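A.B. asks: Okay, handing you the structure first.
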Amino acid sequence: MEEEEKEEQGMDTAYIGILVVVFLALAALAIDVGYMYVTDDDLRSAAETSSLEGAKAIKQRMLAQIRTDPQKANDVASDLLQPAARTAAIEAASGTHHATALIEVANRGLNRLAEGNDITVGFWDTVSRTYTPGVAPANAMQIRTRRTAENEAVGLGTLGSIFSKLTGSETANFTPDAVAALPPMATANIALYVGDCDPACRYPNVCTIPERKMSRDPLDAGQQGDNRYIYTSLLHSLNDRSLSDVVCMDLPPQEVCRKEIFTTSDADNRGLRDIESMMYNPNTDASNKEFDEGGAISGWWVIVPVIDSPPQPKREAVEKRTVTRYALVRIRRICVGGTAGCQQNGTAFKAPPSACRGEEGLYIDRISYVECGSKDLRNFPGLRPVLVEEENRLLPGSGAPPQ
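Here my numbering is used: the first residue of the sequence shown is 16, the next is one more, and so on.
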């Protein structure tokens with residue numbers, strides 16, 4: 016009798032052991048399958064972030080060339096390898112510790128998606144709205160992301176291979192890709208008059224000029240429009256929001272060539288105070304700002320819409336004007352008396368007294384322009400990368416992508 020009880024207890028223990036193993040295996044499978052589907056979203060996000068970082072690196076190289084020798088800017092645009100941008104994209108996706116990364120972006124220096132190559136550099140056409148890899152000028156980057164090679168330490172490992180075979184799929188690897196581009200778009204809330212654009216400063220020429228004070232005052236009839244600017248909300252209507260809201264929200268850039276933009280004057284310096292605050296906020300549009308050795312902001316590159324008609328609005332009136340050109344401008348400094356602008360977002364900044372030297376106004380010292388519709392617009396550098404394409408892909412035999 017005692018032997019039978021011991022035998023039953025042994026069997027119970029064995030059953031419990033088996034159940035524990037089965038439970039743990041099912042739990043591990045649930046966790047791993049959950050990992051697989053969660054990282055589909057991670058892969059999409061990584062592809063987007065990585066392509067944006069790569070495009071930003073292309074832009075930063077272009078700006079560095081414009082600062083030192085603008086005549087060679089097209090050499091940067093002709094480089095379809097862009098090694099520094101590829102490195103920036105890889106590190107954005109997988110970090111600097113590639114061996115332990117969960118997301119992989121492979122690079123063989125090619126401009127087609129292939130085995131061992133998940134990066135392409137090419138041209139984004141703003142007219143046809145298509146991306147062509149391996150075509151200059153280089154203004155876009157495509158990134159494909161994937162899970163790191165499946166092994167015992169990452170993802171489903173061996174269990175994943177078994178699971179994929181049971182479900183009729185040879186692999187569970189989901190590989191989305193995204194394209195980020197640098198199309199020329201307006202990034203500033205001021206518009207210049209065509210008289211501000213010297214013919215000698217037509218792109219690819221980027222003119223270095225003596226520091227020029229720009230005036231916002233409305234013009235009298237018949238007066239020349241040189242050195243003038245007017246405020247603009249670009250394509251955002253000012254019927255339901257103020258100019259201050261538009262400036263301080265730091266909205267995405269807009270494509271406004273040959274389009275009508277909203278322009279307005281300002282009875283006081285509210286608009287300029289807001290733009291001053293955005294310029295000296297080190298966290299706003301930081302990749303387009305220059306910093307001196309002490310870390311102070313010493314310049315801000317912006318793309319400004321240019322209008323043909325002189326800015327002569329009635330005080331505080333909102334008018335529509337058609338953009339005929341883009342101007343690449345470096346704002347040297349903005350100095351306005353009174354309180355700081357952009358108070359509504361809780362981060363108000365002022366120019367340091369050392370930059371203003373008791374003067375007030377908006378000052379520029381670099382300028383280049385291009386006409387809308389000109390063939391040179393194709394080469395004109397954009398300043399803010401934007402996502403232009405995204406595709407969800409699966410490796411062959413892996414079934415349909417998740418929704």
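Glycine residues also receive a C-beta, built at the ideal position from the N, C-alpha and C atoms.
As the structure is a prediction and not an experimental result, all values here were calculated from the model.
Pick out whichever of Met-229, Ile-73, Arg-393 and Ser-109 has its Cα sitting closest to the Cα of Leu-95.
C.D. replies: Along the sequence shown, read from residue 1 onward, the residue named residue 95 stands at position 80. The residue with the shortest Cα to Cα distance from Leu-95 is Ile-73.
A.B. asks: Taking C-alpha atoms, which residue in Leu-343, Gly-397, Val-209 and Asn-298 lies nearest to Ala-311?
C.D. replies: Translated into positions along the sequence shown, residue 311 becomes position 296. Answer by Cα proximity: Asn-298.
A.B. asks: Could you give the C-beta distance for Tyr-378 and Arg-227, rounded to a whole number, given that I count them as a contact under 8 Å?
C.D. replies: As a position in the sequence shown, residue 378 is number 363, starting the count at 1. As a position in the sequence shown, residue 227 is number 212, starting the count at 1. That belief holds up - the Cβ atoms of Tyr-378 and Arg-227 are roughly 7 Å apart, short of 8 Å.
A.B. asks: Between the stretch 281 to 295 and the stretch 259 to 267, are three or more C-beta pairs nearer than 8 Å?
C.D. replies: yes
A.B. asks: Considering Cys-222, what are the terminal residues of the beta strand (DSSP E) in which it resides?
C.D. replies: In the sequence shown, the residue the question calls residue 222 occupies position 207. Taken as a continuous stretch (DSSP letters only), the beta strand (DSSP E) holding Cys-222 covers 222 to 229.
A.B. asks: Name the two residues that bound the continuous alpha helix (DSSP H) containing Val-209.
C.D. replies: On the sequence shown, residue 209 is found 194 positions in, with the first residue counted as 1. It is not in any alpha helix (DSSP H) - Val-209 carries neither H nor E in the DSSP assignment.
A.B. asks: Quick check on Asp-323: buried or exposed, where buried means 16 or more other Cβ atoms within 10 Å of its Cβ?
C.D. replies: Taking the sequence shown and counting its residues from 1, the one referred to as residue 323 is at position 308. A residue is called buried when at least 16 other Cβ atoms come within 10 angstroms of its Cβ; Asp-323 does not meet this threshold and is exposed.
A.B. asks: Exposed or buried, Asp-133, counting other C-beta atoms within 10 Å across all chains shown (16 or more means buried)?
C.D. replies: Indexing the sequence shown from 1 puts residue 133 at position 118. When all chains shown are included, Asp-133 counts as buried.
A.B. asks: Beta-carbon within less than 6 Å of Gly-286's beta-carbon, same chain only, minus the 5 sequence neighbours each way: which residues are those?
C.D. replies: If you number the sequence shown from 1, residue 286 lands on position 271. Same-chain partners within the cutoff: Tyr-246 and Leu-258.
A.B. asks: Ala-108 lies in the beta strand (DSSP E); which residues open and close that run?
C.D. replies: Sequence index remark: in the sequence shown, residue 108 carries index 93 (1-based). Unbroken run through Ala-108 is the alpha helix (DSSP H), 98 to 109; no beta strand (DSSP E).
A.B. asks: From what residue to what residue does the beta strand (DSSP E) around Val-385 run?
C.D. replies: The sequence position of residue 385 within the sequence shown is 370, counting from 1. Start and end: 376 to 386.
A.B. asks: Starting from Glu-305, trace the beta strand (DSSP E) in both directions and tell me its first and last residue.
C.D. replies: What you label residue 305 is simply residue 290 of the sequence shown in a count that begins at 1. Unbroken beta strand (DSSP E) run through Glu-305: 304 to 306.
A.B. asks: Looking only at its own chain, which residues have a Cβ that is under 8 Å from the Cβ of Ile-318, when we skip the five neighbours before and after it?
C.D. replies: As a working mapping, residue 318 is identified with position 303 in the sequence shown. Taking C-beta separations shorter than 8 Å and ignoring five residues to either side along the sequence, the partners of Ile-318 in its chain run Pro-199, Met-200, Ala-201, Thr-202, Ala-203, Pro-268, Tyr-341, Ala-342, Leu-343, Val-344, Gly-397 and Leu-398, following chain order.
A.B. asks: Touch check for the stretch 355 to 372 and the stretch 206 to 217: three-plus C-beta pairs under 8 Å?
C.D. replies: no
A.B. asks: Nearest to Ala-79 by CA position, among Lys-304, Cys-387 and Ser-389, is which residue?
C.D. replies: Residue numbering aside, residue 79 sits at position 64 when the sequence shown is read from its first letter. Cα-wise, what sits closest to Ala-79 is Lys-304.
A.B. asks: Which residue marks the beginning of the alpha helix (DSSP H) containing Ala-88, and which one marks its end?
C.D. replies: Taking the first residue of the sequence shown as position 1, residue 88 is located at position 73. Its alpha helix (DSSP H) spans residues 88 to 93.
A.B. asks: For Asn-254, count the other beta carbons within 10 Å of its own beta carbon; 16 or more makes it buried, fewer makes it exposed. Which is it?
C.D. replies: Against the sequence shown, residue 254 aligns to sequence position 239. Exposed, because fewer than 16 other Cβ atoms sit within 10 Å of the Cβ of Asn-254.
A.B. asks: Nearest to Val-261 by CA position, among Leu-250, Phe-189 and Arg-82, is which residue?
C.D. replies: Locating residue 261 in the sequence shown gives position 246, counting from the first residue. Checking every option, the nearest Cα to that of Val-261 belongs to Leu-250.
A.B. asks: If you check the beta carbons only, do Arg-381 and Cys-222 fall under 8 Å apart?
C.D. replies: As a first step, residue 381 must be located in the sequence shown, where it is residue number 366. As a first step, residue 222 must be located in the sequence shown, where it is residue number 207. Yes, the Cβ-Cβ distance between Arg-381 and Cys-222 is below 8 Å.
A.B. asks: Short of 7 Å in beta carbon distance, which residues of its chain neighbour Gly-124, apart from the five on each side in sequence? Order them along the chain.
C.D. replies: Taking the first residue of the sequence shown as 1, we reach residue 124 at position 109. Take Gly-124, set aside five residues on each side of it, and the residues of its chain with a beta-carbon closer than 7 Å to its own are Leu-96, in chain order.
A.B. asks: Using DSSP with H/G/I as helix, E/B as strand and the rest coil, what is Leu-402?
C.D. replies: If you number the sequence shown from 1, residue 402 lands on position 387. Three-state result, Leu-402: strand.
A.B. asks: If you follow the alpha helix (DSSP H) that Leu-250 is part of, which residue opens it and which one closes it?
C.D. replies: Position 235 of the sequence shown, counted from the start, is the residue given in the question as residue 250. It is not in any alpha helix (DSSP H) - Leu-250 carries neither H nor E in the DSSP assignment.
A.B. asks: In terms of residue numbering, what span does the beta strand (DSSP E) encompassing Ser-313 cover?
C.D. replies: Taking the first residue of the sequence shown as position 1, residue 313 is located at position 298. In the DSSP assignment, Ser-313 falls within the unbroken beta strand (DSSP E) covering 312 to 322.
A.B. asks: What would DSSP say about Met-200, mapped onto helix, strand or coil?
C.D. replies: In the sequence shown, residue 200 corresponds to position 185, counting from 1. In the three-state scheme derived from DSSP, where H, G and I count as helix and E and B as strand, Met-200 is classed as coil.
A.B. asks: Count the other CB atoms, across all protein chains shown, that sit within 10 Å of the CB of Val-142; report buried if there are 16 or more and exposed otherwise.
C.D. replies: For the purposes of this step, residue 142 is taken as the residue at position 127 of the sequence shown. Label assigned to Val-142: exposed.
A.B. asks: In the DSSP assignment, the beta strand (DSSP E) including Val-262 goes from what residue to what residue?
C.D. replies: Here residue 262 corresponds to residue number 247 of the sequence shown, with the count starting at 1. No beta strand (DSSP E) contains Val-262, which is instead part of the alpha helix (DSSP H) from 258 to 263.
A.B. asks: Classify Ser-302: buried if its beta carbon has 16 or more other beta carbons within 10 angstroms, exposed otherwise.
C.D. replies: Here residue 302 is taken as the residue at index 287 of the sequence shown, counted from 1. So Ser-302 counts as exposed.
A.B. asks: Within 10 Å of its beta-carbon, does Thr-354 have 16 or more other beta-carbons around it, so buried, or fewer, so exposed?
C.D. replies: What you label residue 354 is simply residue 339 of the sequence shown in a count that begins at 1. It is exposed - the Cβ of Thr-354 has fewer than 16 other Cβ atoms within 10 Å.
A.B. asks: Please go through the same chain and pick out, in chain order, the residues whose beta-carbon is closer than 8 Å to the beta-carbon of Gly-149, but skip the five residues on each side of it.
C.D. replies: As a position in the sequence shown, residue 149 is number 134, starting the count at 1. Result list for Gly-149: Leu-95, Asn-126, Arg-127, Thr-135, Val-136 and Gly-137, in chain order.
A.B. asks: Hey, out of Val-321, Arg-347, Arg-348 and Ile-346, whose CA is closest to Lys-335's CA?
C.D. replies: One-based indexing of the sequence shown puts residue 335 at position 320. Minimum Cα distance to Lys-335 is reached at Val-321.
A.B. asks: From Thr-145, Arg-162 and Thr-163, pick the residue whose C-alpha is nearest to that of Ala-155; which is it?
C.D. replies: On the sequence shown, residue 155 is found 140 positions in, with the first residue counted as 1. Among Thr-145, Arg-162 and Thr-163, the Cα nearest to that of Ala-155 belongs to Thr-145.
A.B. asks: CB Val-403 to CB Ala-196, shorter than 8 Å?
C.D. replies: For the purposes of this step, residue 403 is taken as the residue at position 388 of the sequence shown. For the purposes of this step, residue 196 is taken as the residue at position 181 of the sequence shown. Yes.
A.B. asks: Does the Cβ-Cβ distance between Ile-158 and Ala-104 come in under 8 Å?
C.D. replies: For the purposes of this step, residue 158 is identified with residue 143 of the sequence shown, where counting begins at 1. For the purposes of this step, residue 104 is identified with residue 89 of the sequence shown, where counting begins at 1. Result yes, Cβ atoms of Ile-158 and Ala-104 sit closer than 8 Å.
A.B. asks: In angstroms, rounded to a whole number, what distance separates the CA positions of Glu-386 and Thr-339?
C.D. replies: The count along the sequence shown starts at 1 and reaches residue 386 at position 371. The count along the sequence shown starts at 1 and reaches residue 339 at position 324. Going from the Cα of Glu-386 to the Cα of Thr-339 covers about 6 Å.
A.B. asks: To the nearest angstrom, report how far apart Met-77 and Gly-314 are at their CA atoms.
C.D. replies: For this step, residue 77 is matched to residue 62 along the sequence shown. For this step, residue 314 is matched to residue 299 along the sequence shown. Cα to Cα, the separation comes out at about 16 Å.
A.B. asks: Out of Cys-350, Ile-346 and Arg-217, point me to the one whose CA is closest to Gln-86's CA.
C.D. replies: Position 71 of the sequence shown holds residue 86. Gln-86 has its Cα closest to that of Arg-217, out of Cys-350, Ile-346 and Arg-217.
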